[in-house]
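Protein chains: 2
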Amino acid sequence: MSAGEFELINHYFKTAPDALTPATVLLGIGDDAALLQPDASQALVVAADTLVSGVHFPADAPAQEVGQRALRVNLSDMAAMGAVPHWFTLALTLPKHWCDDTRRQWVAEFSRGLKACAEQYQCHLVGGDTTSGPLSISIQMLGQVPANAALRRDGASVDDFVLVTHTLGDSAAALALLNNHVAAADHACTEADRQYLQGRYYRPEPRIQQGIVLRDIASSAQDISDGLLADLGHLCAASDVAAEIDLATLPQSAALQKFAPQQALRWALTGGDDYELVFTVAEHKMPLLAMAQAQGNIHASVIGRIVSGAGVHCELDGAPFSVDTTGYRHF
Amino acid sequence: MSAGEFELINHYFKTAPDALTPATVLLGIGDDAALLQPDASQALVVAADTLVSGVHFPADAPAQEVGQRALRVNLSDMAAMGAVPHWFTLALTLPKHWCDDTRRQWVAEFSRGLKACAEQYQCHLVGGDTTSGPLSISIQMLGQVPANAALRRDGASVDDFVLVTHTLGDSAAALALLNNHVAAADHACTEADRQYLQGRYYRPEPRIQQGIVLRDIASSAQDISDGLLADLGHLCAASDVAAEIDLATLPQSAALQKFAPQQALRWALTGGDDYELVFTVAEHKMPLLAMAQAQGNIHASVIGRIVSGAGVHCELDGAPFSVDTTGYRHF
């Protein structure tokens, strides 16, 4: 760490009073590495996700929203494993050409968003680094889960039901809105609807609690970052099965329906960035799922079944439906 | 993970035969997160370091060297804690404008360097992501150390000796060479010397084994990434002490002396990227250190003493020596 890096980190990130540092953090920010004390009875869960300006968020996105989003997409990986998040490191790359004021203002706002989210989900920043370069944020998240209870992608079996949490397609709508790909006059949605959609993009809700509940219910799970079609495809490939889904059952928000009724289905199917969970449940576990739904611990819709074969097959109104894209590709 | 990301990772990174996967990796690359089983009797050590093209390595650096260097600078953080490295994640950002061939070729070379280094230091890639954007590499390293044996920055006491491992300044010389800041005709060093210096920059030797030996000997330690003066300054600040160092004792390689006798001292003092360890040893532990040196388990030079006060004070030939920079600043 350089002197400049030190000042920045100390000022904006190392501000939590010691009283708020959990006992599992033996040594936090400021040394060559952090020292953590994991729970010996659990497996360690590790994921990393990078957000690049202009690719994973608009270049003019509010820094506070970027802080929220950077942490939430990583928390979503924990949710998809049924894990509880505990600690994270932050690798922050800031443009060299930014003047001191710009940098300080951006980092102050960014750290505000990051901290608010960390507090909400009770996870703790333990280290990382700052470097000069094109604006990007790489977070590595560490969590824990009882080893045998982890939600994996490779557990789906033929006849399992396929479900998704909450609604799909909102983030794709928000991106169209942020990129001005849909003219404001073209649609009937209110300012509140637009706010809702943008919130779904910037502050996706990691389904941590639902992931924990699903440990005993789901046969496989993963989060939807690249679009349902692509991510369910990965789950099927890992499990060596296929899926048949009924497009009429894809859950969509009222805001999405109002915003872009023509594109809603396509976005729900192939739009990325929703960070909902797609998961499978064996038939004999469906009563357990129903009970969790009735208790308000899970919010999910059945969208199809697992069959033998490969790939994801879509049906609409009883007829096969072919799709022109398998979701967002990073390259 | 997208389909493109999947192919790339599967092809170049997920190629280790299962037999080589350690038992501590319950689930590796390919799911939302990795599942690891840490040793219950040890603390977890976590560090992250990002390398940006054009900032932390020349834009035209061989990809294999970038792979080596990216892992080694992170391993150095483990060494500085006295930790043993075990697992790491990789966040790889590749330029969108690269054609498929360029990308594949770069990743193939990069992964070759990364894997060779991972094998040498017995640490295991367990996950990460690839994204589009300006070329950069962010690695998070996970290791273990008995909690009470960790080498921290805040343990130095007045009268402790200050030491550094091996030699300083070689990387700064290599950078001058790579950036053509020193004309080839100006110096007497051979091609072998130049190769040695460049190797010190691209493949710094993380001092893992020496860090382990120092657990019982050193009162504090950290690695030198930003230059001795800056990093010893951080150690002093964390320990609330000052250091007095004798510049005549800074260890320098023969290649550095031949390459740039005029700049050697300055580079040894303020040049970054050496990734040697600077550490302190209480007087009563010096016999233990001498024994470790005699056994070839430590290669270090005494360069000064810890005193009360703040900052790092340099002396040359009995007179105070003031320096115009405190080392490399990222901003």
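The listed protein sequences derive, respectively, from chains X and D.
Quick note, in this note's numbering, the first sequence goes up one by one and the last residue is 584.
Quick note, in this note's numbering, the second sequence goes up one by one and the last residue is 584.
Think of the CB as a built atom: it goes at the ideal place given N, C-alpha and C, for glycine as much as any other residue.
Original post:
Any Cβ of chain X within less than 8 angstroms of the Cβ of D:V319?
Top reply: The beta carbon of D:V319 does not come within 8 angstroms of any beta carbon belonging to chain X, so the residue lies off that interface.
Original post:
Going by other Cβ atoms of all chains shown within 10 Å of its Cβ, with 16 needed for buried, is X:H350 buried or exposed?
Top reply: Exposed, because fewer than 16 other Cβ atoms sit within 10 Å of the Cβ of X:H350.
Subject >> Reduced DSSP secondary structure (H/G/I, E/B, other) of D:L324 >> reply: Note: D:L324 maps to helix in three-state DSSP.
Original post:
For a contact meaning CB atoms closer than 9 angstroms, what does D:A403 contact in chain X?
Top reply: L279, L280, D284, A286, L288, listed in chain order.
Subject >> Completely contained beta strand (DSSP E) runs for the segment 273-330 of chain X, where each covers 3 or more residues >> reply: You should have 278-280, 287-289, 296-305.
Original post:
Starting from D:P348 and walking both ways along the beta strand (DSSP E), at which residues does that stretch end?
Top reply: Careful: D:P348 lies outside any beta strand (DSSP E) and carries neither H nor E.
Original post:
To the nearest whole angstrom, what separates the beta carbons of D:A471 and D:V534, a pair I think is in contact under 8 angstroms?
Top reply: A Cβ-Cβ distance of about 6 angstroms is found for the pair D:A471 and D:V534, placing them in contact under the 8 angstroms criterion.
Original post:
Alpha carbon to alpha carbon, how far is X:D407 from D:L279?
Top reply: So the two alpha carbons sit approximately 13 angstroms from each other.
Original post:
Could you give the distance in angstroms between the alpha-carbon of D:D423 and the alpha-carbon of X:T277?
Top reply: Taking the Cα positions, D:D423 is about 39 angstroms away from X:T277.
Original post:
Should X:P540 go down as buried or exposed, given a rule of 16 or more other Cβ atoms within 10 Å for buried?
Top reply: Burial is judged here by how many other beta carbons sit within 10 angstroms of a residue's own beta carbon; X:P540 has fewer than 16 and is exposed.
**OP:** Please report the residue range of the beta strand (DSSP E) in which D:D567 lies.
**Re:** Asp is not the amino acid found at residue 567 of chain D; the sequence shown has Cys there. D:C567: member of the beta strand (DSSP E) spanning 564-569, first to last residue.
**OP:** For D:D413, count neighbouring Cβ atoms within 10 angstroms of its own Cβ and tell me buried if that reaches 16, exposed if not.
**Re:** By the 10 Å Cβ count, D:D413 comes out buried.
Subject >> Minimum length 3: unbroken beta strand (DSSP E) runs contained in the segment 427-491 of chain D >> reply: For the segment 427-491 of chain D, whole beta strand (DSSP E) runs of length 3 or above, ordered along the chain, are 473-476.
Subject >> Rounded separation between X:A503 and X:D330 - CA only >> reply: Correcting the residue type first, residue 503 of chain X is Leu in the shown sequence and not Ala. Cα-Cα distance, rounded: 22 angstroms.
Subject >> Simplified DSSP state of X:T355, which is helix, strand or coil >> reply: DSSP places X:T355 in the helix class (H, G or I) of the three-state scheme.
Original post:
With which residues is X:S506 paired in a DSSP beta bridge?
Top reply: According to DSSP, X:S506 bridges with nothing at all.
**OP:** Mind listing the chain D neighbours of X:A496? Cutoff is C-beta to C-beta under 7 angstroms, in chain order.
**Re:** The contacting residues do not exist; X:A496 stays about 16 angstroms from chain D at best.
Subject >> Contacts of X:G380 in chain D (Cβ-Cβ under 7 angstroms) >> reply: Contact annotation for X:G380 against chain D: V299, A300, A301 [CB-CB distance below 7 angstroms, chain order].
Subject >> X:Q451 beta carbon less than 8 angstroms from that of X:A429 >> reply: Result no, Cβ atoms of X:A429 and X:Q451 do not sit closer than 8 angstroms.
Original post:
Can you tell which of D:A332, D:A441, D:S294, D:V576 has its C-alpha closest to the C-alpha of D:G480?
Top reply: In this structure, D:V576 is the residue among D:A332, D:A441, D:S294, D:V576 with its C-alpha nearest to the C-alpha of D:G480.
Original post:
So what's X:E497 in DSSP terms, helix, strand or just coil?
Top reply: In the structure shown, X:E497 sits in a strand (DSSP, three-state: E or B).
Original post:
What residues in its chain sit with their C-beta under 7 angstroms from that of D:C442, if we drop five residues either side in the sequence?
Top reply: A508, K511, F512.
Original post:
Going by DSSP, which residues form a beta bridge with X:L416?
Top reply: BP columns for X:L416 point to X:F532, X:V555.
**OP:** In the DSSP assignment, find the unbroken beta strand (DSSP E) run with D:Q546 in it and report its ends.
**Re:** Segment 539-547 is the alpha helix (DSSP H) holding D:Q546; no beta strand (DSSP E) there.
Subject >> Alpha-carbon spacing of X:L569 relative to X:H377, whole angstroms >> reply: Distance between the alpha carbons of X:L569 and X:H377: 45 angstroms.
Original post:
Using the C-alpha atoms, what's the distance from D:H419 back to X:V398?
Top reply: A straight-line Cα-Cα distance of about 42 angstroms links X:V398 and D:H419.
Original post:
To which residues of the same chain is D:I465 closer than 8 angstroms at the C-beta, ignoring the five residues directly before and after it?
Top reply: Beyond the five residues adjoining it in sequence on each side, D:I465 comes within less than 8 angstroms, by CB distance, of G335, V337 in the same chain, given in chain order.
Original post:
Less than 8 angstroms separating the beta-carbons of D:I498 and D:V415?
Top reply: Result yes, Cβ atoms of D:I498 and D:V415 sit closer than 8 angstroms.
**OP:** Would you check if the distance between the CB atom of X:S306 and the CB atom of D:V308 is smaller than 8 angstroms?
**Re:** Contact: no.
Original post:
Can you find a C-beta in chain X that's less than 8 angstroms from the C-beta of D:V534?
Top reply: No, its Cβ sits nowhere closer than 8 angstroms to a Cβ of chain X.
Original post:
Can you find a CB in chain X that lies within less than 8 angstroms of the CB of D:P291?
Top reply: Yes, contact with chain X.
Original post:
For X:L421, which option in X:R456, X:Q505, X:P457 has the closest C-alpha, if you only look at C-alpha atoms?
Top reply: Checking every option, the nearest Cα to that of X:L421 belongs to X:Q505.
Subject >> D:L522, enclosing alpha helix (DSSP H) - first and last residue >> reply: Run containing D:L522: 517-523, per the alpha helix (DSSP H) assignment.
Original post:
Taking the DSSP output, what are the residues bridged to X:H377?
Top reply: Partner(s): X:W340.
Original post:
Across which residues does DSSP place X:G366 in a beta bridge pair?
Top reply: None; X:G366 has no bridge partner.
Original post:
Under 8 angstroms Cβ-Cβ, which residues of chain D neighbour X:H264?
Top reply: Neighbourhood of X:H264 in chain D, by CB distance below 8 angstroms: empty, with the nearest CB roughly 13 angstroms away.
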